[in-house]
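Okay, structure first, notes after.
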């Protein structure tokens, strides 16, 4: 079965690097699997044509029946009897960012303790691992949606600007020029972030980084005792404001919103347990964003 999953990744991406990322394997391990598959089928399967890799005629014939086999297998594995959350001890795995885990998922776990005390929720890394069979759902920004998966949009959260409550350099509001000149606390990223791209498009420049935090959820903590600014989703700011001395700052422009989507495999549509969990996620997300209460001063944007 693992060889069939690997074969599907190789035929889909026609690239060892991308296939290895999808399989969460090293490139050498994926190359070794390709060698075994070539030996089994007595065919090269993928060959270099100019500067790109292409499928051999046999490989092209394998694509459709292979995906049918994998789809049928997933459907078979997902078949379960009726699901009773009150008595079930089923384990669910969700792939999402640290921000989603620290806000939405923690609220969901709290809600489940009341009507599903023995159900367990497990975290599984970034979206590239979604193709592993032990991951049930993915929550990802809409710009990173995976093709071929069903999805449900979750209520969006606007960004807000926050500072340490003891920051005397910044008042209740800030001008655009001062905002761009100020030093910001930003989360480490190897690529241009959504907020950086938005500022570059809107103003031709991005906020100036003063420090970088290891993760998005640590940005509020990084502000305490400093004169840095940070842009975070409003729900993260509200949660951090319950235990940190931070406040919001009004800005003279409309900040973007972050929209996440819940995704799952089409073959898992009829799984009663996953249907129930999807309903819980959407319900909790809707309740959270409909609430007007906040632990820190709200800002109209």
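In our numbering, the protein residues as written are 1 to 301.
The beta-carbon is built from N, C-alpha and C at its ideal position, and this holds for glycine as well.
Per the C-alpha coordinates, the member of 88, 47 and 39 positioned closest to residue 272 is 88. Look at residue 60 here: in three-state DSSP terms it is helix. Under DSSP, residue 160 shares a beta bridge with 232.
Taking 8 Å as the cut-off, the Cβ atoms of residue 140 and residue 261 count as close. In terms of Cβ geometry, residue 249 and residue 149 do not form a close pair [threshold 8 Å].
Under the DSSP definition of a beta bridge, residue 260 partners with 141. Checking the DSSP bridge columns, you'll see residue 173 partnered with 250. Cβ atoms of residue 157 and residue 257 come within 8 Å of each other, at about 6 Å. Between the alpha carbons of residue 20 and residue 189 lies a distance of about 21 Å.
Of the candidates 255, 254 and 238, the residue whose Cα lies closest to the Cα of residue 247 is 238.
With a cutoff of 8 Å on beta-carbon distance, residue 14 and residue 53 are scored as near each other. 203 is the residue among 203, 282 and 234 whose C-alpha sits nearest the C-alpha of residue 253. The region 211 to 227 makes contact with the region 180 to 198: 3 or more CB pairs, one atom from each, lie closer than 8 Å.
In the three-state reduction of the DSSP assignment, residue 113 falls in the helix class. Between residue 94 and residue 109, the C-beta gap is not smaller than 8 Å, which leaves the two residues out of contact.
Listed in chain order, the non-local C-beta contacts of residue 67 below 7 Å within the same chain comprise 8, local neighbours out to five positions each way being set aside. Apart from sequence neighbours up to five positions away, the residues of its chain that approach residue 274 with a beta-carbon distance below 8 Å are 78, 92, 136, 137, 264 and 268, ordered along the chain.
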